[in-house]
Amino acid sequence: MEHEAKIWVGVVFAVLVAILSKLWDPIAAHVGYPFGVDRRVKDLQETVKPLIDMRRELRERENLLNSRERIGWLDRVDNLVEDVERIKADLENCGPIDYFKKCFIGREADTELKKANSLNTQGVRLMPAVDTSLTRQGRRSLPQADSGQPQEVPRVTTIPPGMGSSYRKVLNFIKNNRSESCMGIWGMGGVGKTKLINLVCDSRSAEYDDYFSDVLLVQAGKGCRVADLQKRISVSMGLRQIDNEISQSAIISDHLQRKDFLLLVDDLWEYIDLNEVGIPLLDEAKKPRRKVVFTSRSMEVCDKMISPWPSSDHPPRTRTIQMRCLNKEDAWSLFAENVGSTTIFEHVEIRKAAEKIVEECSGLPKALCTIGKSMLSKNHPYEWRTAIDQLRKSELHKKIDNHEDLLKCLRCLQESYDSVEHDMMKQRFLLCSLWPENESISIKKLIRWWSGLGLLDDYTNASDAGHSFINMLVHKSMLEKSDTGLDSTDSHVKMHNMIRKMAIWIVNEHGYKNNWLPNSSYRSALTNKMWFTVEKAWVSHEDTSGWCEWPSADYFPRLKMLVARHLFSLEKMIGYFKTITFLDLEGMRREEFPLEICRLIKLEHLNLSATTIIGALPPELKELVDLRYFYIRNNMSLQTIPAELIFALKKLRGLDLFRTGVSFRIEE
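Following the UniProt record's numbering, the numbering of the sequence shown begins with 1 at its first residue and continues without gaps.
Below you can see the structure in the form of structure tokens.
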């Protein structure tokens, strides 16, 4: 018996050791990430170097780009190189005690290293025998028949559709010694600014190799400060680094002082004083030749960066390039290039679906490229129709593995949203997503909405504050000026389709909930379950004409805002919106006033404009003691407002009776 007990103890001990070792392995690996993070990132960079060489060789030999597999490999390498640069920048910004951040960086470096090894293996298989005369400078040496000496043939830069004009403008600026010394490129996220500045850098050998002794391309990124930019410039030039901004500035300045140089800075989020960085004075009238080109999402950052470098010929605003989304023709060309095969569009259904996808992207290059790549291996119409449905509904979480690139696109756009400092400003921006897709937004109405929701309460003049905030959003490329307004070109704005999808994606917690229901003809049926979490909604004619399922009173616990353009079956539900503070029923067709509204005692904003209410407003409206804004314009049938009603609404700030039959003298 004792012998058997010892055997069992030994077995149990061996099992426990095996289990604990299995449990300890991932823990040990995780704990060890911070201590080897420098080595891990360095190993990753070394592994990526051969990929960069193979990528360059493949792109230079355009006759090899006839394989969808090769094109897909190139795209994955592009994404990997971009991620490696970000990891490198994260490590540079990491402090000595940032243990958890180093954990994340080390783990991410290991993940990307596995991808790099896999891509190296695939690249070797995909690469045919290459011409060994291809040099690292991106030039090809071909034998001359006469002399037998190699002849330098410049590499040809392939310009994506719609980028040619901006590319030529930047090159002309760089090559023209009489032009200004500083140029800014701005536009919304994903519009192609990084692609443009990389193309300019890559075209050095063919376009301006003899103009500059130093050409520097550095990535700024969100949160970049003077010290960060100094470090990246110093690394690119191989200069020694000192942990002192003033000393480092002197080192950079001494190195560049007597040189012709071109500095390309990508993705600036805030103004950085180039003098403090160590960049010598940019004076186009004197030698040596010095040029700076930078990109930003903000027009204001561009203006601030250019202003210290005055030009006798042009004010700051004319020394910037705004990159806009592509027209339909260029958008289709870019999308087709990224799909990698034009023969697939010979299928009629796929062609129609592809055209709808391009329309949904609204000319945004980042979206066209990422979605095009994700459709690379999709050969069946149902796969294309599914992609359209998910795009329209922003339900990207349902197949996250198939839409990793698209999610990266949305996160890219979200960076602009994250850069907004104040939560109140974020709420003002997000509210624009309730408007229908591709519809111009009346600035006057938007400001009224902001006021009705308390988003302008801290300002004496809500109109002036509202216009200022709208301009800020336009300058940050989060809204666009619309030229479809009837009053003037400054009367309307619009939200880009992909920006709108990003906003809806954010308010609905990355697609997993239905907190907001914007106006859309593509959304799912409005069910009981959906209404239980809704906070803000825009209900259209389609939603109230029979297929919408209106729940019981208990199913509106969070509803604060409702915009409804047609009453229909909604009428019997109005009295159940107990928590609502904002109700917009503009355009309602009904002669009698819906008394159910009088039970909404928390209401602060009520819009009954352009209705057909005849006679007088009911005295029961005095129960709305919290009402602050009441709009009932454009209703000539309305004749009377009871005096006691106005006196009872003590919190009323705004009353709009324009074009009604009510005289300014309120009748008893």
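Backbone N, C-alpha and C define an ideal beta-carbon position, used for all residues, glycine too.
Reduced DSSP category for residue i - H, G, I as helix; E, B as strand; rest coil
i           : result
residue 36  : helix
residue 432 : helix
residue 159 : coil
residue 400 : Low confidence applies here, because residue 400 scores a pLDDT of 39, under 50, leaving its location unreliable; read the following figure in that light. Helix at residue 400.
residue 183 : strand
residue 661 : coil
residue 236 : helix
residue 441 : strand
residue 601 : coil
residue 226 : helix
residue 559 : coil
residue 275 : helix
residue 673 : Look at the range of the chain in this structure, 1 to 668, and you will see that residue 673 is not part of it.
residue 220 : coil
residue 320 : strand
residue 480 : strand
residue 358 : helix
residue 267 : strand
residue 452 : helix
residue 446 : helix
residue 490 : coil
residue 625 : coil
residue 261 : strand
residue 117 : helix
residue 459 : coil
residue 589 : coil
Host alpha helix (DSSP H) of residue i (start-end)
i           : result
residue 167 : 164–175
residue 338 : 328–339
residue 250 : 245–256
residue 502 : 497–507
residue 475 : 462–475
residue 374 : 365–374
residue 304 : 299–306
residue 647 : 643–648
residue 420 : Segment: none, residue 420 is in no alpha helix (DSSP H) and carries neither H nor E.
residue 207 : 204–207
Where residue i falls, given that 16 or more other Cβ within 10 Å makes a residue buried
i           : result
residue 647 : exposed
residue 234 : buried
residue 176 : exposed
residue 184 : buried
residue 187 : buried
residue 496 : buried
residue 190 : buried
residue 231 : buried
residue 121 : exposed
residue 398 : Any reading at residue 398 must be qualified, since the residue scores a pLDDT of 46, below 50, and its modelled position is unreliable; no value is offered.
residue 167 : buried
Residue i versus the options, residue with shortest Cα-Cα distance
i           : options            : result
residue 261 : 249, 210, 244      : 210
residue 288 : 213, 326, 249, 385 : 213
residue 479 : 467, 468, 493      : 493
residue 372 : 348, 466, 409, 596 : 409
residue 453 : 582, 120, 266      : 582
residue 351 : 383, 208, 443      : 383
residue 448 : 116, 51, 584, 503  : 584
residue 45  : 88, 56, 77         : 88
residue 113 : 102, 124, 91, 83   : 83
residue 636 : 629, 470, 615      : 615
residue 563 : 456, 518, 374      : 518
residue 254 : 162, 241, 278      : 278
Residue i - containing beta strand (DSSP E), residue span
i           : result
residue 537 : 536–539
residue 290 : 290–296
residue 191 : Taken as a continuous stretch (DSSP letters only), residue 191 belongs to no beta strand (DSSP E), as it is neither H nor E.
residue 575 : No beta strand (DSSP E) holds residue 575; DSSP gives it neither H nor E.
residue 656 : 654–656
DSSP bridge partner residues for residue i (one or two, in chain order)
i           : result
residue 615 : 638
residue 111 : Answer is none; residue 111 lacks a bridge partner.
residue 607 : 584, 631
residue 124 : Residue 124 is not bridged to any residue.
residue 564 : 539
residue 532 : Paired residue(s): none; residue 532 is not in a bridge.
residue 104 : Note: residue 104 sits in no beta bridge, so no partner.
residue 214 : 261
residue 516 : 536
beta-carbon residue i near the ligand ZN non-hydrogen atom, thresh 7 Å
i           : result
residue 502 : Ligands in the displayed structure: none, and consequently the ligand ZN is not present.
CB contact below 8 Å: residue i versus chain B
i           : result
residue 517 : Among the chains of the structure shown, chain B does not appear; only one protein chain is present.
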